[in-house]
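Have a look at the structure below before the remarks.
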Amino acid sequence: NPLYRTMVGNFWLPQKVSLVEDKLSVKTLTTEEDQAVRDTLSFLIFLDSFQSNNLPNVAEYITCPGVKNLIAIQTFQEVIHSETYQYIMEALYPSVERDEIYNRWRTNENLMKRNKFVASIADEFVDSPTEENLHKVLVANLVLEGVYFYQGFNLFDQLGHRGKIVGTSKEIDYIRRDELTHVGIFTNMIKEVKPSVELVHSIFEEGATQEIDWCKSTYGNKILGISETSSSAYVKWLVNERLGRIGYPSLYDSVDNPYKHITDSAKEGNKRENFFETSVTSYDMADSVDGWDDL
Numbered sequence: 062n063p064l065y066r067t068m069v070g071n072f073w074l075p076q077k078v079s080l081v082e083d084k085l086s087v088k089t090l091t092t093e094e095d096q097a098v099r100d101t102l103s104f105l106i107f108l109d110s111f112q113s114n115n116l117p118n119v120a121e122y123i124t125c126p127g128v129k130n131l132i133a134i135q136t137f138q139e140v141i142h143s144e145t146y147q148y149i150m151e152a153l154y155p156s157v158e159r160d161e162i163y164n165r166w167r168t169n170e171n172l173m174k175r176n177k178f179v180a181s182i183a184d185e186f187v188d189s190p191t192e193e194n195l196h197k198v199l200v201a202n203l204v205l206e207g208v209y210f211y212q213g214f215n216l217f218d219q220l221g222h223r224g225k226i227v228g229t230s231k232e233i234d235y236i237r238r239d240e241l242t243h244v245g246i247f248t249n250m251i252k253e254v255k256p257s258v259e260l261v262h263s264i265f266e267e268g269a270t271q272e273i274d275w276c277k278s279t280y281g282n283k284i285l286g287i288s289e290t291s292s293s294a295y296v297k298w299l300v301n302e303r304l305g306r307i308g309y310p311s312l313y314d315s316v317d318n319p320y321k322h323i324t325d326s327a328k329e330g331n332k333r334e335n336f337f338e339t340s341v342t343s344y345d346m347a348d349s350v351d352g353w354d355d356l
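Pasting the structure below:
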C-alpha cells in the first residue's frame, strides 16, 4: 500500500526544527503581519484539534480495513500538527499572550462562523449517521483539508520567502506534506460514495464564501505578496482543483493559482525543497492517485 507507506514514512517531530531564530525574527513582523499570524495560528490550531476528534467518528463507519488504517494514521498526524502549533506558539509568543490567541475564535466573527460550519456538519453526522450525512461529512472534510488550510500555509510561505520566521515556515512545510496525503484519502472516499453534484457544490460554495470573507478580513491588502484579489483567486483555484480531482464540475470560471511562483521557486521535479535549507521533503501528490488499488 503506497499511501500507507508514504504516510508512515512521513513521520517527523516538530522539535527537530529549530525555532531559535524565529524568536528574533518574529519581532521584525509588521503589526499587520503579526496580527495575521496570530489569527492564522488560532484557526489552524482549532481545526487540527477538531480533526483529531472528528476522524474517529468517520472511521467507525468505514468497512475497509486498509482505509481505516489510513484514517488512524491521519488522526495521529493531526495530533503531531497540534503539538507543532503549540511548539510554534511557545517560540513566538510569551505565555501571557497564548491563551488569547488560542481563544480568538470566540471573538473573531469570521473565524467562529467557519469553525461552526464544519463542526455542525460533523455533529449532524454523529447525531444521525445516515448515508447523506456521511456524504456531507466526507465533503466537508475535503473542504477543510484541501481548501481551508492552504491560505494559512500561504501566509507562512510569504513570510518565510522574505526571511521571516523561517523555522515556522519549515514546520508548515512538513504539515502541508501530511495534508496532501489527507486530501488523497478523502478524494478517493468521495469518488467511491459519489455524492450528488448539488450536495458537493453547496458545501464547497459555502466553504469558499467563508474562506474569501476570512481572507479579506485577516489578510486584505495588508500583507506583502497577498491581496484581496489574489486571495479570492487562490480560493477559487483550490475549489476548482479539488472538485476536478473528485470528478465534479468546476464552480468558477477558469482561474490560475496566483501563488504558483512561490511553490515553483521551491520545486525540483516532485520534490519540494525548503527555501532556506538543503533538506528536501517529498511532495508527491497523493490526491492524484486514481483509485484505491493504487493506494
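For what it's worth, our numbering labels the leading residue of the sequence shown as 62, then goes sequentially. Every residue, glycine too, gets a C-beta built ideally from N, C-alpha and C.
Three-state secondary structure assigned by DSSP to residue i
| i | result |
| --- | --- |
| residue 72 | coil |
| residue 163 | helix |
| residue 126 | helix |
| residue 185 | helix |
| residue 89 | helix |
| residue 146 | helix |
| residue 285 | coil |
| residue 313 | coil |
| residue 154 | coil |
| residue 171 | helix |
| residue 320 | coil |
| residue 176 | helix |
| residue 138 | helix |
| residue 63 | helix |
Per-residue burial, residue i [other beta carbons within 10 Å of its own, 16 or more giving buried]
| i | result |
| --- | --- |
| residue 328 | Low confidence applies to residue 328: its pLDDT is 45, below 50, so where it sits in the model is not reliable enough to give any reading. |
| residue 100 | buried |
| residue 314 | exposed |
| residue 151 | exposed |
| residue 72 | exposed |
| residue 75 | buried |
| residue 197 | buried |
| residue 13 | One cannot answer for residue 13 here, as it falls past the ends of the chain, which runs 62 to 356. |
| residue 282 | exposed |
| residue 69 | exposed |
| residue 115 | buried |
| residue 297 | buried |
| residue 253 | exposed |
| residue 139 | buried |
| residue 209 | buried |
| residue 167 | exposed |
| residue 81 | exposed |
| residue 332 | In this prediction, residue 332 scores a pLDDT of 40, lower than 50, which makes its location untrustworthy; the coordinate-derived value is nonetheless stated afterwards. By the 10 Å Cβ count, residue 332 comes out exposed. |
| residue 146 | buried |
Member of the options whose CA lies at the smallest distance from the CA of residue i
| i | options | result |
| --- | --- | --- |
| residue 211 | 304, 138, 320, 198 | 320 |
| residue 119 | 284, 251, 102 | 251 |
| residue 244 | 323, 259, 307, 159 | 307 |
| residue 318 | 312, 302, 309 | 302 |
| residue 171 | 280, 111, 232, 74 | 280 |
| residue 67 | 261, 264, 246 | 246 |
| residue 234 | 305, 134, 78 | 78 |
| residue 194 | 257, 97, 156 | 257 |
| residue 169 | 84, 202, 107 | 107 |
| residue 62 | 242, 74, 322 | 242 |
| residue 161 | 273, 248, 96, 69 | 96 |
| residue 277 | 84, 93, 64 | 93 |
| residue 285 | 275, 322, 184, 216 | 216 |
| residue 272 | 174, 287, 254 | 174 |
| residue 237 | 122, 141, 156, 83 | 141 |
| residue 213 | 65, 270, 230, 139 | 230 |
| residue 249 | 323, 208, 232, 304 | 304 |
| residue 259 | 224, 300, 155, 309 | 309 |
| residue 207 | 83, 156, 299 | 299 |
| residue 110 | 87, 164, 156 | 164 |
| residue 83 | 134, 153, 113 | 153 |
| residue 323 | 312, 287, 85, 157 | 287 |
Endpoints, the alpha helix (DSSP H) within which residue i is located
| i | result |
| --- | --- |
| residue 105 | 92-120 |
| residue 302 | 289-306 |
| residue 261 | 258-279 |
| residue 220 | 210-222 |
| residue 78 | First-last for residue 78: undefined, no H or E at that position. |
| residue 241 | 227-254 |
| residue 193 | 192-204 |
| residue 83 | 83-86 |
Between the region 173-184 and the region 217-226, do at least 3 Cβ pairs fall closer than 8 Å?
-> no
Are the region 124-136 and the region 183-190 touching by the rule of at least three beta carbon pairs closer than 8 Å?
-> Touching, no.
Do the region 286-300 and the region 102-110 meet, that is, are 3 or more Cβ pairs less than 8 Å apart?
-> Inter-segment contact for the region 286-300 and the region 102-110 is absent: fewer than three beta-carbon pairs are separated by less than 8 Å.
Cβ contact (3+ pairs, closer than 8 Å) linking the region 263-275 and the region 196-208 | yes
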